[in-house]
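Undergrad: Top to bottom, those sequences are chains A and B.
Under the working numbering, the first residue of the first sequence carries the number 328, and numbering increases by one thereafter.
Under the working numbering, the first residue of the second sequence carries the number 1096, and numbering increases by one thereafter.
Note that the Cβ used here is the ideal one computed from N, Cα and C, for glycine as well.
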Amino acid sequence: MSSSSTSSAGLTGSDSESRSCHTTGLNVCLTAQRFIKLNAVAAVVFLLLGGVAAILLALTRWQAIHLLPVDWFYRILTFHGLNMLIFWILFFEVAILYFASTTPLNSKLFSRKVAWVSFGMMLVGAIMVNVVILQGKADVMLTSYLPLLAHPAFYLGIILVAVGTLVAVFNFFATLYIAKRDKTYEGSVPLVTFGATAAAIIAVVTLLHGAIVMIPTFTYSLGWTAEPDPMWYRMIWWGLGHQSQQVNVTAMVAVWYLIGHLATGARPVNETVCRGAFVLYILFINLASAHHLLVDPGVGSAWKIWNTSYAMYLAVLASMIHAFTVPASVEVAMREKGHNKGIFGWVTALPWRNPALSAVVLSLLIFGFVGGITGVTLGTQQINIIAHNTLRIPGHFHATVVGGTTLAFMGLAYYVIPLMFKRNFIGRKWAMIQPWLFGGGILLVSIGKSFAGSMGVARRTWDIEPAGIYGSAAHMFLGVMGIGAIIAVASLFIFVGLCVGTILFGKRIKEGEAMADWGTAQPVGDAKEGSLEHDHWSMKGTIVLTAVFLLCFAVYYFANWKALADVWPVR
Amino acid sequence: MSLTPPKSDWYKPAEGAEKLWIGIALVWCFVMSLMMPYWHFKGKQNSQGEAYAVTAQAFQERTDQFVEDNQVGEYNGVPLVAPAPGSDVYLVAQMWSWYPVLQLQQGETYRLHVSSVDLQHGFSLQPMNMNFQIMPGYDHVLTITPTTTGEFTIVCNEFCGIGHDRMIGKIFVE
C-alpha cells in the first residue's frame, strides 16, 4: 500500500488525487479514502457506546443482578437502540457506499463538499440525539411510538441523521453516474458495487419514510401541528425501521461476497443469479413494515397476509438464493485450488486464521440458521400472536443485525483499516479469536432471549417479578442471555481496542508494500482456476448445507404452527 | 470476481444444483405463503384487526357501564366482572393497570373490546403467551374462546412509562 499522490490514468477529473493499492492493485481515490476513514471511525465510536449500553441492559434484565434503576434502564435502552441500530450501522454503510462506488469502478468520489455536508449532518444529528437521551428528555425507546413524546431535539437529530445519509446516498449515485459517463470501467459494475447499489436504492425508500413520519412528529412536539394518528405513525415508522434493516441485509450480503473473494478468491458461480437476488430485495422488501402490525387493530387479515409475506416471500427467496450462492462460490474456489477431499474437505482447508473469513462464515450461519428462520416464522401473520413484543423478537433481530450484519462489518474492518489507514493490525492473535467470541456470545444472547420469550417474558420491561408468573426456566434463559452479552461485549471491546490501537500504533505499511496477509486460501496440487466453471454440481458441501438449512427451517416453522394451535381460539 | 466488472457474457440462466435450489426455495416460499390463507379459513387463531374508532372518554364510559351491569365482586380492589357468554366485554388499558378483572367461562365465546385511554399498551395473556397491540383511539375487538381454566395474567408488553412493569391484570376462567 502506498500513496503515489498523482492522478493515475484510470481516474477521471483533473484534481482527482489517487494512489495505487499494493495489496489489491486497485486505485484508491484519496477523497473517498478520507471519508471512508471518517465514517468508519465514527461508526466504531457509536458501536462502542452501544456496547457499553448493551452490557448495562443485559445485566439489568438478568434478574439475579438487576443492575440499573428503572428510569436509567429505559433511558439506556433507548440509547442502545439508536446507537447500534441507527448510528453504528448507517455510518459504516456510508463508508461501504463510498468504497463500492470508487475503488472497484476505478473512479473518484463525486464531491468532497457533499461528503462533508453529509458527514456533518449525520454527526451533529447523532450527537444531538445522544445528548437529549442522556439528559432524560427522550425516554421513548427507539420506536418513539406516539403518544409517547420526546424533546423536539430528539426528532430533529434523527431527521438530520436521515437527511445526512440521504445526501451520502446522493453522492454515491452521482459517483456511479460520473464513472459511467467517463468510462472508468468497462461493461457491468462489479457485484459488490451492484449489491451496494441495491442497498442504496432501498435506503432512499427507507429514509423517505423516515422523513414522512419524523417531520410531522417533530412539528407536533413543538406544538405547531396536531398529533399524528398513532396507527399511521406505526405503519410509516416501520417503513423506516424495518426497511433500514433490509439495507443492512443487502450491504451484509455484499460484504459476504467481498470477503469471500478476498480470502479465497471466490467468484460468483452465476452472476445473473446473484444479481437477480439483489433485484428481488429491491422489488419486494419494502412491504416489511407489516411485520410489526400483525396483531394491531385497524389493519385486516388480507393486508397483513399479503404484506408480511412480501408478496409471496420473494425477498426471502432472495436471501435463500444468497445462502446458496455465497458458500457455493467459496466452495468452488476452494475445490479449484485442489481442496477436494470429500464433501467438507474444503471447509477445513479454509484460511481460518483470517478473522474476516471466520467473521463472515459465522455471520452467514447465525444470520441464516437463527436470524432468518426465526424472522420468517415470527413474521408469519398468525404465528405473530405467540411472539409479538415478547423477548422472541429481540432474540430474532440480535441474530440478524448483530450476529449477521455487525459481525460481517467487523470482518470487513479487518481489511478496511489496514487498506485505508495503511497500518498493519496489532494483536493479530486477539483478532483471530474475536469473531468467535462475538458470534458465540451473540448466539447465547439470541437463544436466551428467544426461549425466555417463548415463556412469555416481554421485551422492553425493567422487571418481570411484579407479574409473579415466571418460573426458574425463564430466569435461567435470562441468565444465558446475560452470560452471552458479557462474552459478546467483551469481544466488542477487544474489536474496538484492536481497531483504535491499530490506527494509532499499528506498524506503518511502507511504499510499495502489501498489507500483512491475514491468510488466503493457497492452491495445492494441480490446481487450476476456472476448472470447475462448467461443472454445475461440484458444490456438494453447499448442497448438504442448504438441505440441512431447509430441514431446520421447516421443523421450526411447523413447530410454531403447532404451538399456535394450542392457544385459545381468537379472531 | 466480485470486485471487478464481470465478463461481458455474464448473463446466463441458472444451471445444475443452483437451479434446483432456486426451484426448491421457490416452492417453500409458496408453501409458506399459502399457509396463512389456509389458517385464516381453517385455523382457529387469527388476528383480523377488527377495530372501531373510539375516544378515550367514550370507551371509559362503556367500560364503566359494563362493570356496573356485570360486577360480581372485587379482586385486590378492582371490580371482578362476570359477563354473560357471547356478550361484549370491555377492558381498559391505562398507565399502569388493566380495568376491570374478568371472570369468563370455559368454552364460551366473548367479544373482548380492548382500548387504551392514554399511551400504546401491549395485551400479553400469560401463560398462554397470546399478544395483541392496544392503541388509544382504537377499540380493538378480540373474539376469544377460553378453552382452559384457571388464573391468567395480563402483562403489558409495550413500553408505557416508568410503571410499565407493574401493569398487571387478571382473567379468571372457570
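1) Quick one: does S628(A) have its CB under 7 Å from some CB of chain B?
2) What residues in the segment 696 to 720 of chain A have a beta carbon less than 8 Å from any beta carbon of chain B?
3) Alpha carbon to alpha carbon, how far is G603(A) from L589(A)?
4) Does DSSP put Y1233(B) in a helix, in a strand, or in coil?
5) Quick check: is the beta carbon of W1134(B) nearer than 7 Å to any beta carbon in chain A?
6) Give the straight-line distance between the Cα atoms of W583(A) and L1129(B), rounded to the nearest whole angstrom.
7) Can you give me the Cβ contacts of L705(A) inside the same chain, cut-off strictly under 7 Å, excluding the 5 residues immediately before and after it?
8) Would K776(A) be called buried (16 or more neighbouring beta carbons within 10 Å of its own) or exposed?
9) Looking only at its own chain, which residues have a Cβ that is under 6 Å from the Cβ of F414(A), when we skip the five neighbours before and after it?
10) Going by C-alpha distance, which of A489(A), L469(A), L585(A), T520(A) is nearest R561(A)?
11) Could you tell me the alpha carbon to alpha carbon distance between T599(A) and P1108(B), rounded to whole angstroms?
12) Of the residues A1112(B), N1141(B), G1232(B), which one's Cα is nearest the Cα of K867(A)?
13) Any contact between the segment 621 to 630 of chain A and the segment 690 to 701 of chain A? By contact I mean 3 or more CB pairs, one from each, below 8 Å.
14) Could you pull the start and end residues of the alpha helix (DSSP H) that F671(A) belongs to?
15) So with CB distances below 7 Å, who are the chain A contacts of V1235(B)?
16) From V1187(B) to H478(A), what distance separates their C-alpha atoms?
17) Determine the direct distance from the alpha carbon of W1193(B) to that of P896(A), and round the result to whole angstroms.
18) Could you give the DSSP three-state label for D509(A): helix, strand or coil?
19) Within 7 Å of any Cβ in chain B, is that where the Cβ of H618(A) sits?
20) Out of M808(A), V851(A), L375(A), which has the shortest C-alpha to C-alpha gap to K668(A)?
21) Determine the direct distance from the alpha carbon of C356(A) to that of L338(A), and round the result to whole angstroms.
22) Determine whether the Cβ of N1165(B) lies closer than 7 Å to any Cβ atom of chain A.
23) Residues in the same chain with beta-carbon distance under 7 Å from S331(A), minus the five sequence neighbours each way, listed in chain order, please.
24) For M1225(B), which three-state DSSP category applies?
25) Kindly indicate if chain A contains any beta-carbon less than 7 Å away from that of P1241(B).
26) Compare the beta carbon distance of N1141(B) and R898(A) with 7 Å and say whether it is the shorter of the two.
27) Rounded to whole angstroms, what's the CA-CA distance from V596(A) to E856(A)? Just pull it up for me.
28) What are the residues that DSSP puts in a beta bridge with H715(A)?
29) So what does DSSP say about L338(A), is it helix, strand or coil?
30) In this structure, how does DSSP classify Y1185(B) when only helix, strand and coil are distinguished?
31) Use the C-beta contact count for L376(A): other C-beta atoms within 10 angstroms, 16 or more gives buried, fewer gives exposed.
32) Please state the DSSP three-state secondary structure of A553(A).
33) Does chain A have any CB closer than 7 Å to the CB of K1186(B)?
34) Please classify A336(A): is it buried, with 16 or more other beta-carbons within 10 angstroms of its beta-carbon, or exposed?
35) For a test of the three-state rule: what should DSSP assign to E1246(B), helix, strand or coil?
36) Report the three-state DSSP secondary structure of I1263(B) (helix, strand or coil).
TA: In short, the structure shows the following:
1) Yes, S628(A) lies at the interface with chain B (some Cβ there is under 7 Å from its Cβ).
2) When C-beta distances to chain B are compared with 8 Å, the residues of the segment 696 to 720 of chain A below that value are V703, T707, Q708, Q709, N711, I712, I713, A714, H715, N716, T717, in chain order.
3) Distance between the alpha carbons of G603(A) and L589(A): 23 Å.
4) If DSSP states are grouped into helix, strand and coil, Y1233(B) belongs with the strands.
5) For W1134(B), the nearest CB of chain A lies under 7 Å from its own CB, placing it at the interface with that chain.
6) Taking the straight line joining both Cα atoms gives about 32 Å.
7) Within the same chain, and ignoring the five residues on either side of L705(A) in sequence, the residues whose Cβ sits closer than 7 Å to its Cβ are N711, A714, R719, I720, H723.
8) K776(A) should be labelled buried.
9) Within the same chain, and ignoring the five residues on either side of F414(A) in sequence, the residues whose Cβ sits closer than 6 Å to its Cβ are F373, A453.
10) Distances from the CA of R561(A) to each of A489(A), L469(A), L585(A), T520(A) were compared; the closest alpha carbon is that of L469(A).
11) C-alpha separation (whole angstroms): 7 Å.
12) Closest by alpha carbon: A1112(B).
13) Counting Cβ pairs under 8 Å, fewer than three are found: no touch.
14) From DSSP, F671(A) is part of no alpha helix (DSSP H); its letter is neither H nor E.
15) Going by the sequence as given, residue 1235(B) is His instead of Val. Here the neighbours are P624.
16) Here the alpha carbon of V1187(B) sits roughly 28 Å from the alpha carbon of H478(A).
17) The straight-line gap from Cα to Cα measures roughly 22 Å.
18) Taken through DSSP and simplified to helix, strand or coil, D509(A) comes out as coil.
19) It does not; no Cβ of chain B falls within 7 Å.
20) Comparing Cα positions, the closest option is V851(A).
21) Confidence at L338(A) is low in this model, with a pLDDT of 45, below 50, so the placement of that residue should be treated as unreliable; the coordinate-derived value is given next. L338(A) and C356(A) have their alpha carbons spaced roughly 8 Å apart.
22) N1165(B) does not count as touching chain A.
23) Legend: pLDDT at S331(A) = 39, less than 50; position of this residue unreliable, value from coordinates given subsequently. Excluding residues within five positions, the ones whose Cβ falls inside 7 Å are R346, S347.
24) In the three-state reduction of the DSSP assignment, M1225(B) falls in the strand class.
25) At least one chain A Cβ lies under 7 Å of P1241(B).
26) Contact flag set, yes.
27) For V596(A) and E856(A), the distance between alpha carbons rounds to 13 Å.
28) Beta-bridge pairing links H715(A) to no other residue.
29) Unreliable positioning characterises L338(A) in this predicted model, as indicated by a pLDDT of 45, which lies under 50. The coordinate reading is nonetheless provided below. Note: L338(A) maps to coil in three-state DSSP.
30) Secondary structure at Y1185(B): strand, using DSSP grouped into helix, strand and coil.
31) Buried: at least 16 other Cβ atoms inside 10 Å.
32) Look at A553(A) here: in three-state DSSP terms it is coil, with no helix or strand label.
33) According to the sequence as given, residue 1186(B) is Leu; it is not Lys. Output row for L1186(B): interface = no.
34) Since pLDDT at A336(A) reaches only 39, below the 50 mark, its modelled position is unreliable, and no value is offered.
35) Three-state result, E1246(B): strand.
36) When DSSP states are grouped into helix, strand and coil, I1263(B) belongs to the strand group.
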